[in-house]
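Peer 1:
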Amino acid sequence: MNKSNTISIDLAKSVFQVAVFNRHGKRKLNQAMSKKKMLTVISQHPGATICIEACAASHYWGRTFQSRGHTVKMIPPQKVKPYRCGNKNDANDAIAIYEASLRSDIHAVPVKTPEQQDIAMLLSLRQSYIKQRTAISLRIRGYAAECGITFPQGANKLREMLPLVIEETENELTPTTRFVLRELHAQLLSIDEPIERVESQLIDFAKQIPACQLLITLRGVRWVIASAIFSRLGDASAYRNGRGASASLGLVPAHTGSGGKNKNHGISKSGDNTPHAR
Numbered sequence: 004m005n006k007s008n009t010i011s012i013d014l015a016k017s018v019f020q021v022a023v024f025n026r027h028g029k030r031k032l033n034q035a036m037s038k039k040k041m042l043t044v045i046s047q048h049p050g051a052t053i054c055i056e057a058c059a060a061s062h063y064w065g066r067t068f069q070s071r072g073h074t075v076k077m078i079p080p081q082k083v084k085p086y087r088c089g090n091k092n093d094a095n096d097a098i099a100i101y102e103a104s105l106r107s108d109i110h111a112v113p114v115k116t117p118e119q120q121d122i123a124m125l126l127s128l129r130q131s132y133i134k135q136r137t138a139i140s141l142r143i144r145g146y147a148a149e150c151g152i153t154f155p156q157g158a159n160k161l162r163e164m165l166p167l168v169i170e171e172t173e174n175e176l177t178p179t180t181r182f183v184l185r186e187l188h189a190q191l192l193s194i195d196e197p198i199e200r201v202e203s204q205l206i207d208f209a210k211q212i213p214a215c216q217l218l219i220t221l222r223g224v225r226w227v228i229a230s231a232i233f234s235r236l237g238d239a240s241a242y243r244n245g246r247g248a249s250a251s252l253g254l255v256p257a258h259t260g261s262g263g264k265n266k267n268h269g270i271s272k273s274g275d276n277t278p279h280a281r
């Protein structure tokens, strides 16, 4: 067996690019292979550090490699790109992933647990429904404005007043416009049900997670926010301190400056897209 220090893998659906480097950084292999062969090659290098990009299926593979006794480093894709030399292809990508993994100032992405991924999917589904509801509301307001009709701010006010506007006979709505607004009103009401259903599933799931139970003891934190924080941070063991965890959520201020004169700005909102946690 070979005890290589690092294996860099460019993940894919069926053909994986695997680059093997020894402890001195010398490349011993850079080859495209099937999933089965990749796992065979990895088994020949026990206790290796496996570097992958944080992309689709990376958390699954991260857990798989960890279960086989390897150390996993998931590198953000935007941090890998500057280290790619030559044309973009799988072989160069695998080398770039390895080069990026050597930088001490590049923070690896923590591997999510299945529970974290489940919550992330529920949050994503809920957010997509909310975006649909917002789009429908804006379309209603836009169409009504073309006929000289405006609604007060707020989704509840829109739901309350729209049926009255549709049925009112003294406004300038044409029969076609009334039909369109009725259709949009029906869509607006129907989208509420899946939002409530997903949110109920999310809350029930979060109530079973000890970390979420602790998070809701914080002032202003309820189940949706607690689940978003848990999905992003997990047990927070990947962060050296609270500021590091806050930075990963984009909660620390951005700053600019030179010559020893720095200026702080608003929160950066960088990192993972977690508006619930912010």
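Convert by adding 3 to the 1-based position in the sequence shown; the result is the number in this note's numbering. Ideal placement from N, C-alpha and C gives every residue a C-beta, glycine not left out.
#1: Taking His73 as the reference, which of Ala60, Asn90, Ser61 and Thr9 has the closest Cα?
#2: Would the region 107-127 and the region 196-214 be scored as touching if the rule is three or more Cβ pairs under 8 Å?
#3: Quick one, are the C-beta atoms of Glu175 and Cys150 less than 8 Å apart?
#4: If you run the structure through DSSP and keep just helix, strand and coil, what is Ala250?
#5: Using a Cβ-Cβ cutoff of less than 7 Å, which residues in the same chain neighbour Val114 once the five nearest sequence positions on both sides are dropped?
#6: Who are the Cβ neighbours of Gly158 in its own chain at under 7 Å, not counting the five residues just before and after it?
#7: In this structure, what does DSSP give as the bridge partners for Cys58?
#8: With the cut-off set at 8 Å, would you say Val21 and Ser37 are in Cβ contact?
#9: Out of Leu14, Ala60 and Lys134, state which residue places its alpha-carbon closest to the alpha-carbon of Pro197.
#10: Please report the Cβ distance between Ile143 and Leu191, rounded to the nearest whole angstrom; I am assuming they are in contact, meaning their Cβ atoms lie under 8 Å.
#11: Per DSSP, what are the beta-bridge partners of Asn159 in this structure?
#12: In the structure shown, what three-state DSSP assignment does Met4 receive?
#13: Can you tell me whether Leu184 is buried or exposed? The criterion is at least 16 other CB atoms within 10 Å of its CB, across all chains shown.
#14: Among the candidates Gly260, Leu254 and Gln34, whose CA atom is the shortest distance from the CA of Asn92?
#15: Pick from Gly50, Val112, Gln81 and Val201: whose alpha carbon is nearest that of Ala250?
#16: Quick one: Cα of Asn95 to Cα of Arg71, how far?
#17: Could you tell me which of Leu42, Ala60, Gly50 and Lys29 sits nearest to Leu14, measuring between CA atoms?
#18: For Phe282, is the classification buried or exposed, using 16 other Cβ atoms within 10 angstroms of its Cβ as the cut-off for buried?
#19: Grab me the residues of Glu265's own chain with a C-beta within less than 6 Å of its C-beta, minus the 5 sequence neighbours each way, in chain order.
#20: Restricting to Cα atoms, I'd like to know which of Cys88, Asn90, Cys54 and Gly89 is closest to Pro79.
#21: Going by beta-carbon coordinates alone, are Leu128 and Ala231 separated by less than 8 Å?
#22: If you follow the alpha helix (DSSP H) that Arg96 is part of, which residue opens it and which one closes it?
#23: Taking a contact to mean a Cβ-Cβ separation below 8 Å, would you say Leu252 touches Arg225 in this structure?
#24: Does the beta-carbon of His268 have 16 or more other beta-carbons within 10 angstroms, so that it is buried, or is it exposed?
#25: Applying the 10 Å Cβ sphere with the 16-neighbour rule, what's the burial state of Val23?
#26: Pull up the DSSP beta-bridge partners for Pro256, would you.
Peer 2: Short version:
#1: Thr9
#2: As far as the Cβ criterion goes, the region 107-127 touches the region 196-214, which means the pair count is three or higher.
#3: Cys150 is positioned such that its CB atom lies closer than 8 Å to that of Glu175.
#4: helix
#5: His62, Gly65, Arg66, Gln69, Val75 and Met77
#6: Checking the displayed sequence, the identity of residue 158 turns out to be Ala instead of Gly. Cβ within range, chain order: Ser140.
#7: DSSP output for Cys58 lists no bridge partner at all.
#8: no
#9: Lys134
#10: 7 Å
#11: The partner list for Asn159 (beta bridge, DSSP) is empty, contrary to what the question assumes.
#12: Model confidence at Met4 stands at a pLDDT of 49, short of 50, so the residue's coordinates are unreliable; what they give is reported in the following sentence. DSSP, reduced to helix, strand and coil, places Met4 outside both helices and strands of the structure shown, so it counts as coil.
#13: buried
#14: Gln34
#15: Val112
#16: 26 Å
#17: For Leu14, the nearest C-alpha among the options comes from Ala60.
#18: The requested residue 282 does not occur in the structure, where the chain is confined to residues 4 to 281.
#19: The residue asked about is misnamed: residue 265 is Asn in this sequence, not Glu. Around Asn265: His258.
#20: Cys54
#21: no
#22: Sequence inspection shows Asp at residue 96; the Arg mentioned does not correspond to that position. Asp93 to Ser104 is the extent of the alpha helix (DSSP H) around Asp96.
#23: no
#24: exposed
#25: buried
#26: Ile270
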